[in-house]
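Please read the structure below before turning to the comments.
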Amino acid sequence: MAHDFETILYEPADGYAVVTLNRPDKLNAFNDQMHAELRAAIDAAEADTAVRALVFTGAGRGFCAGQDLGDRVLSEGEGPRDTGAGLEANYNPLVLRLRGLAMPVISAINGVAAGAGCNFALAADIAFAARSARFIQAFVKIGLTVDCGGSYFLPRSLGSQRAMGFAMTGDPIEAEQAADWGLVWKCVDDDTLMEEACGLAARFGAMSSVALDLIKRSINASATNDIATQLALEAELQREAGKAPDYQEGIRAFLEKRAPNYHP
Ligand code: LHQ
């Protein structure tokens, strides 16, 4: 199905879809139209059973420079705007949507990822960074605090010291360091970024969608659960997995020494 998007590109492929942020002259900064089009693209992916993984990347030399600051200058005499409202309307639902989506979300970070653009990239389940990419918690430089999930994701992936230093200085972290620190899954050569990200998306597309969804739910829930609650959740989700046809197909394929076919 064709989509008339202006600020993004939406390209379904074999078992997955690629969403490209497409405002390269602004380093793919978010505006309201891009948020609306992202929502529509995610709706399209969710509605299409052939799309079982989603890849986000950026057009041009940047991944995303966060909020379009051109939209944020006050005119003469205009009182302060409610910056929290933009988060509540656009960014918070986006992060929750990606984390709650019943399919793996991959970010392919092709260049600079700053402010909300950095934290949007990190809201993906698996993040690939091109070697030339860099990450910046740019908020502090313009007198803002961390948003778009950064205050949640950063201490969990980096630990408190590195999260604090990263957010409070606004200094960039290069892709290789990001991978060493566990901010992203892998740092890869620039020219293999899309091959790596789409290769994994295609692999996910052929795997058990039930298993991937339940793994995502389980690992996400562990961030706030104690061990007893998490063990109970594991049992509950494994019960759900055990009832789904994918499990029987997985066992049969193993015993018959063939690749499982989860999407006949
Ligand atoms: C931009 C932007 C941009 C517009 C580059 N906007 N044009 C949420 C809700 C409510 C309120 C506010 O905020 C938020 C969340 C946030 O995301 S706050 C943080 C917003 N982002 C930033 O503060 C980052 C601003 N950008 C930068 O610091 C630099 O551009 C970085 C470090 C990302 C890249 O630097 P360079 O590689 O040197 O590129 P550049 O600065 O030359 O940018 C290239 C062009 O992109 C340039 O336009 P021009 O017409 O001069 O070529 C920039 O103006 C434009 N651009 N970021 N966020």
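Quick note on this note's numbering: the sequence shown kicks off at 909 and runs consecutively.
Heads up, the beta-carbon is just placed ideally off N, CA and C, and yes, glycines get one too.
{"Query": "Does the beta-carbon of Asn1128 have 16 or more other beta-carbons within 10 angstroms, so that it is buried, or is it exposed?", "Result": "exposed"}
{"Query": "Per DSSP, Arg1042 forms a beta bridge with which residues?", "Result": "Glu1082"}
{"Query": "Please name the residue in Glu1104, Ser1117 and Asp940 whose C-alpha comes closest to that of Gly923.", "Result": "Ser1117"}
{"Query": "Is the Cβ of Ala993 closer than 8 Å to any Cβ of chain D?", "Result": "Within the model displayed, chain D is absent; a lone protein chain is all it includes."}
{"Query": "Is Tyr918 helix, strand or coil by DSSP?", "Result": "strand"}
{"Query": "What do you reckon, are the CB atoms on Pro1012 and Lys1094 nearer than 8 Å?", "Result": "no"}
{"Query": "Beta strand (DSSP E) containing Val1020: first to last residue?", "Result": "Val1020 to Ala1022"}
{"Query": "Pull up the CB-CB distance for Asn939 and Asp990, whole angstroms please, since I reckon it's below 8 Å.", "Result": "Between Asp990 and Asn939 the Cβ distance is about 17 Å, and since that is not below 8 Å, they are no contact."}
{"Query": "In three-state DSSP terms, what is Val1092?", "Result": "coil"}
{"Query": "State the beta-bridge partners of Ile1014 as determined by DSSP.", "Result": "Val963 and Ile1034"}
{"Query": "Between the region 926-944 and the region 1144-1151, can you find at least three pairs of beta-carbon atoms closer than 8 Å?", "Result": "no"}
{"Query": "Excluding sequence positions up to five away, which residues of its chain have a Cβ less than 6 Å from the Cβ of Gly1090?", "Result": "Ser1065"}
{"Query": "Among residues of its own chain, excluding the 5 on either side of Ala973, which ones have a beta-carbon nearer than 6 Å to its beta-carbon?", "Result": "Leu935, Ala937, Ala1022 and Gly1025"}
{"Query": "For ligand 1, I want to know if Gly978 counts as a neighbour, meaning its beta carbon is within less than 7 Å of at least one of the ligand's heavy atoms.", "Result": "yes"}
{"Query": "Figure out for me which residue from Asn1027, Arg1007, Asp1079 and Pro920 has the closest Cα to the Cα of Asp1055.", "Result": "Asn1027"}
{"Query": "Taking one C-beta from the region 1069-1077 and one from the region 1041-1059 each time, how about it: are there three or more such pairs within less than 8 Å?", "Result": "yes"}
{"Query": "Cβ of Val926 versus every heavy atom of ligand 1: is any distance shorter than 7 Å?", "Result": "no"}
{"Query": "Alpha carbon to alpha carbon, how far is Ser1040 from Gln1156?", "Result": "44 Å"}
{"Query": "Could you spell out where the alpha helix (DSSP H) holding Thr991 opens and where it closes?", "Result": "Thr991 to Gly994"}
{"Query": "Taking 7 Å as the cut-off, is the C-beta of Thr991 nearer than that to any heavy atom in ligand 1?", "Result": "yes"}
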